[in-house]
Amino acid sequence: MGNHQDTATDQKIQEELLDILIKVKPDLKRDEIQNDTRLETLGVDSLDLVEIIFGVEEKYDISVPFNANAGSGDAEMFSTFGNVVEAVRDLISEQNHGVDGQLANSVS
Amino acid sequence: MSRVVVTGLGIICSLGDNVEQVGQALRDGRSGIQPLANIPTEILTIKVGAEVKGFEPGAHFQSSQIPLYDRTTQLALYAARAAIADAGLKPQEDFGNRSATILGTGTGSAHAIEECYHSLYVENRRRPHPFTVPRVMNNAPVSHISMDFGITGPSFMVSSACASANHAICLAYQLIKAGVADIVVTGGAEACITPGCMKGWEALRVMSPDTCRPFSKGRKGLVIGEGAGVFVFESLQHAKMRDANIHAEIAGVGMTSDAGNIVVPTLEGPVNAMRAALAEARVNPEDVGYINAHGTGTSTNDTTETNAIKGTFGDHARRLMVSSTKSMHGHALGGAGAIELLCSVLALRDGFIPPTMNFEEPDPECDLDYVPNEARDAKAYLALSNSFAFGGHNAVVALGRF
Chain A
912 MGNHQDTATD
922 QKIQEELLDI
932 LIKVKPDLKR
942 DEIQNDTRLE
952 TLGVDSLDLV
962 EIIFGVEEKY
972 DISVPFNANA
982 GSGDAEMFST
992 FGNVVEAVRD
1002 LISEQNHGVD
1012 GQLANSVS
Chain B
138 MSRVVVTGLG
148 IICSLGDNVE
158 QVGQALRDGR
168 SGIQPLANIP
178 TEILTIKVGA
188 EVKGFEPGAH
198 FQSSQIPLYD
208 RTTQLALYAA
218 RAAIADAGLK
228 PQEDFGNRSA
238 TILGTGTGSA
248 HAIEECYHSL
258 YVENRRRPHP
268 FTVPRVMNNA
278 PVSHISMDFG
288 ITGPSFMVSS
298 ACASANHAIC
308 LAYQLIKAGV
318 ADIVVTGGAE
328 ACITPGCMKG
338 WEALRVMSPD
348 TCRPFSKGRK
358 GLVIGEGAGV
368 FVFESLQHAK
378 MRDANIHAEI
388 AGVGMTSDAG
398 NIVVPTLEGP
408 VNAMRAALAE
418 ARVNPEDVGY
428 INAHGTGTST
438 NDTTETNAIK
448 GTFGDHARRL
458 MVSSTKSMHG
468 HALGGAGAIE
478 LLCSVLALRD
488 GFIPPTMNFE
498 EPDPECDLDY
508 VPNEARDAKA
518 YLALSNSFAF
528 GGHNAVVALG
538 RF
């Protein structure tokens, strides 16, 4: 698959993740969230994060192996918005809902 | 004001179904955390727990009674019988209006409610069992205890998530102290290792996939347990009058609320609860030798609790012993405080400190003496048993060697 499609997919995931994030934190504005924005600076607490991950799992029908305890090392996976986008993209392709499947079809 | 003593002990949890077995497990550092065996685990991601294994209701209850008893009630009744027998009190004749029963439970009768919904929504049955309501109601454990033993004073359940049992114990203490009752059967019970409840806990992302490592670096969260701890509390006068064997004294209790976040604890709430318990017990922080910590094994609880102990005890925090027995019996939620009070009673009475098992590596943020991995022979005269719950409910029991 080509880079062009990767970029398109990333952009789509990015937009959809913004939707999920803003649903959990309705006061956030889309333009204040960049790839290098740390979620904690957006006021996302541990409970918000769990809700965001739930939203992601429901949206893409994937399972996100996330443990909120620092000792698990998982928290770093979701530290910036860009990390979230990458992690979700990887999980989608790992769990066979790849870009050639439902997600690619919905990119239009 | 009456002094309050503990004259009866009853326990059933993953470590055993009697006080001696549980005591031995605490000395040996034996863990009850194992792969789940009592429920189907196909839909579960987290497949470990601290279950009560091999409990056959038919061995303990009449077949006509069993349909009325959810597992929570069964475990509570089993532990209550043991506690009352240990206290040497005779059912019916030794109780009456001056006796009470108060227990804590967090979830309530999870098995019964899940069975009801499963039959209706999955099996498409037209009707649930006719005893669904009496079996599901959260007050069922104390209701059956009152009937079985003839307790005709106050009886009710307390619910404050993981602090439920400690709140029940606090109220039991206050009823006797205030002269309202001579005998209170108290403690807590929880039996919510069901597929539905486990999925709910999984979704919160705080569960460890393998074991519970309180205060250790690399801890991965809590492990759900189940069980019941039940005690007979009496006024000292009443206990002496009948020449009862006294295991320990309840020296004071402290209850506070964080009024903060639903899942993230504050520092002030736990500190003030510990201070209140010490104040009521009229002791100095330096008198405390042991703390049975809430110690769930989540990153947040264990760091906050460590800081709260430092905030309460100052320099003495580094001298006292702190352990989390949840590393062995798991987190029995609304029953946790009762199982842990039993651990504390045995510690003071028998002169040993139960260990924090699965302690792998010190965490710079948790730098107290957690009695890692091995029980310690040590005499403590005063202990605190901490419970800090989701919802910001804090309840601390100060226990004295008698």
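In the order they appear, the protein sequences are chains A and B.
Taking the numbering used here, I'd label the letters of the first sequence as residues 912 to 1019.
Taking the numbering used here, I'd label the letters of the second sequence as residues 138 to 539.
Glycine residues also receive a C-beta, built at the ideal position from the N, C-alpha and C atoms.
Being a predicted model, the structure only gives us computed values, none of them experimental.
Environment of residue i [buried if 16+ CB atoms lie within 10 Å]
i	result
glycine 1012 of chain A	Low confidence applies here, because glycine 1012 of chain A scores a pLDDT of 43, under 50, leaving its location unreliable; read the following figure in that light. Classification for glycine 1012 of chain A: exposed.
asparagine 523 of chain B	buried
asparagine 495 of chain B	buried
glutamate 497 of chain B	exposed
glycine 913 of chain A	Because the pLDDT at glycine 913 of chain A is just 46, under 50, the model does not fix this residue reliably, and the point stays unresolved.
proline 918 of chain A	Here residue 918 of chain A turns out to be threonine, not proline, going by the sequence shown. Classification of threonine 918 of chain A: exposed, given that the 10 Å Cβ count is below 16.
arginine 350 of chain B	buried
threonine 182 of chain B	exposed
isoleucine 924 of chain A	buried
glycine 426 of chain B	buried
proline 172 of chain B	exposed
alanine 196 of chain B	exposed
arginine 379 of chain B	exposed
valine 259 of chain B	exposed
Residue span of the beta strand (DSSP E) that contains residue i, given as start and end
i	result
isoleucine 183 of chain B	Run containing isoleucine 183 of chain B: none; DSSP gives neither H nor E here.
histidine 530 of chain B	530-537
glycine 448 of chain B	Element bounds for glycine 448 of chain B: not the beta strand (DSSP E) but the alpha helix (DSSP H), 436-450.
glutamate 327 of chain B	320-327
phenylalanine 525 of chain B	519-526
isoleucine 428 of chain B	427-429
glycine 460 of chain B	Note on identity: in this sequence residue 460 of chain B is serine, with glycine being the wrong assignment. Unbroken beta strand (DSSP E) run through serine 460 of chain B: 458-460.
Residue i: contacting residues in chain B (beta-carbon distance under 9 angstroms)
i	result
lysine 958 of chain A	The sequence given here places leucine at residue 958 of chain A; lysine does not occur at that position. Those are Leu341, Asn398, Ile399, Val400 and Val401, listed as they occur along chain B.
Proximal residues of chain A, C-beta to C-beta of residue i below 8 angstroms
i	result
lysine 357 of chain B	Asn978, Asn980, Gly982 and Ser983
lysine 463 of chain B	Simply none; closest approach about 14 angstroms.
Those residues which DSSP pairs with residue i across a bridge
i	result
valine 141 of chain B	B:Ser372 and B:Ile387
threonine 991 of chain A	A:Arg949
methionine 411 of chain B	Methionine 411 of chain B is not bridged to any residue.
valine 295 of chain B	B:Gly241
histidine 468 of chain B	B:Ile361
isoleucine 221 of chain B	BP columns for isoleucine 221 of chain B are empty, so no partner.
arginine 513 of chain B	B:Ile490
Extent of the continuous alpha helix (DSSP H) run through residue i
i	result
threonine 269 of chain B	269-273
asparagine 303 of chain B	301-314
serine 983 of chain A	Where serine 983 of chain A is concerned, there is no enclosing alpha helix (DSSP H), given that its DSSP letter is neither H nor E.
methionine 284 of chain B	277-286
tyrosine 507 of chain B	Note, tyrosine 507 of chain B: premise wrong, no alpha helix (DSSP H); not H, not E.
valine 961 of chain A	957-971
methionine 335 of chain B	332-340
isoleucine 476 of chain B	473-487
valine 156 of chain B	156-165
tyrosine 206 of chain B	Looking at the DSSP string, tyrosine 206 of chain B is not in any alpha helix (DSSP H), and its letter there is neither H nor E.
tyrosine 254 of chain B	247-254
Proximal residues to residue i (C-beta, below 6 angstroms), its chain only, five neighbours per side dropped
i	result
alanine 1015 of chain A	Low local confidence applies: a pLDDT of 41 at alanine 1015 of chain A is under 50, so the model's placement there is unreliable, with the coordinate-based value given in what follows. Closer than 6 angstroms at the Cβ level, and outside the excluded window around alanine 1015 of chain A, lies no residue.
threonine 289 of chain B	Gly233 and Asn234
alanine 535 of chain B	Ala388, Gly389, Ala414, Ala418 and Leu521
alanine 277 of chain B	Thr210
threonine 403 of chain B	Asp395 and Gly397
proline 267 of chain B	none
glutamate 1005 of chain A	none
7 angstroms Cβ shell around residue i - same chain, five flanking residues per side excluded
i	result
isoleucine 176 of chain B	Ile330, Thr331 and Pro332
valine 400 of chain B	Phe527
valine 189 of chain B	Ile149, Cys150, Ser151, Leu212, Glu363 and Gly364
valine 870 of chain A	Outside the displayed span of chain A (912 to 1019) sits residue 870 of chain A, for which this structure offers no information.
alanine 381 of chain B	Thr144, Ala224, Gly225 and Glu371
proline 271 of chain B	Leu205 and Ala277
serine 158 of chain B	The sequence shown places glutamine at residue 158 of chain B, not serine. Hits under 7 angstroms: Leu152.
Residue i: contacting residues in chain B (beta-carbon distance under 7 angstroms)
i	result
valine 955 of chain A	In chain order: nothing, as chain B lies at least about 13 angstroms away.
valine 961 of chain A	Leu341 and Arg342
Contacts around residue i, its chain only, beta-carbon distance under 8 angstroms, and the 5 residues preceding and following it disregarded
i	result
isoleucine 964 of chain A	Val975, Phe977 and Phe989
valine 508 of chain B	Met458, Val459, Ser460, Ile490, Pro491, Pro492 and Thr493
asparagine 421 of chain B	Leu415
histidine 548 of chain B	This structure leaves residue 548 of chain B out entirely; chain B is present only between 138 and 539.
valine 156 of chain B	Leu146, Gly147, Ile148, Ala219, Asp223, Leu479 and Leu483
aspartate 347 of chain B	Val185 and Lys357
Closer than 9 angstroms at the beta carbon, the chain A residues around residue i
i	result
serine 436 of chain B	Ala979, Asn980, Ala981, Gly982, Ser983 and Ala986
lysine 354 of chain B	Gly982
Chain B residues whose Cβ lies nearer than 8 angstroms to that of residue i
i	result
phenylalanine 965 of chain A	Ala340
Residue-chain proximity (residue i, chain C), Cβ-Cβ < 9 angstroms
i	result
serine 990 of chain A	Within the model displayed, chain C is absent; protein chains A and B are what it includes.
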